[in-house]
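In this note's numbering, the protein residues as written are 12 to 111.
Glycine included, every Cβ here is placed at the ideal spot set by N, Cα and C.
The structure appears right after this line, and notes come after that.
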């Protein structure tokens with residue numbers, strides 16, 4: 012139990028330190044809520060793309076739709092990998108991790 016709690020806490024703290032809302036691609040910046048096409052125009056083709064599935068989203072009017080979820084990976088860049096999560100073609104999360 013103690014090990015599980017410690018591991019969970021360390022993952023949460025490391026995730027908070029790695030989460031960001033912007034990423035520099037050369038002289039350009041991408042930010043959360045950018046479109047997939049904007050990201051590709053600024054950063055180029057990702058090293059990998061993975062389709063993760065779908066998520067149901069309810070809009071302001073109560074209409075439920077499914078949006079695709081993808082993870083794009085860029086790097087290594089100075090030893091760092093950048094993981095971009097896109098939902099419905101919009102960037103919702105940027106994480107970075109040092110490569111081994």
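Inset, instruction - Count the C-beta pairs between the region 89-109 and the region 63-81 that are closer than 8 Å, then say yes if the count reaches three, no if not. - result: yes
Inset, instruction - Could you spell out where the alpha helix (DSSP H) holding residue 79 opens and where it closes? - result: Careful: residue 79 lies outside any alpha helix (DSSP H), inside the beta strand (DSSP E) at 75-88.
Inset, instruction - Have a look at residue 38 and residue 53 and give me their C-alpha separation to the nearest angstrom. - result: 9 Å
Inset, instruction - Compute the Euclidean distance between the alpha carbons of residue 117 and residue 44, then round it to the nearest angstrom. - result: There is simply no residue 117 to check, as the chain begins at 12 and stops at 111 in what is shown.
Inset, instruction - Return the CA-CA distance between residue 31 and residue 91, expressed in angstroms with no decimal places. - result: 14 Å
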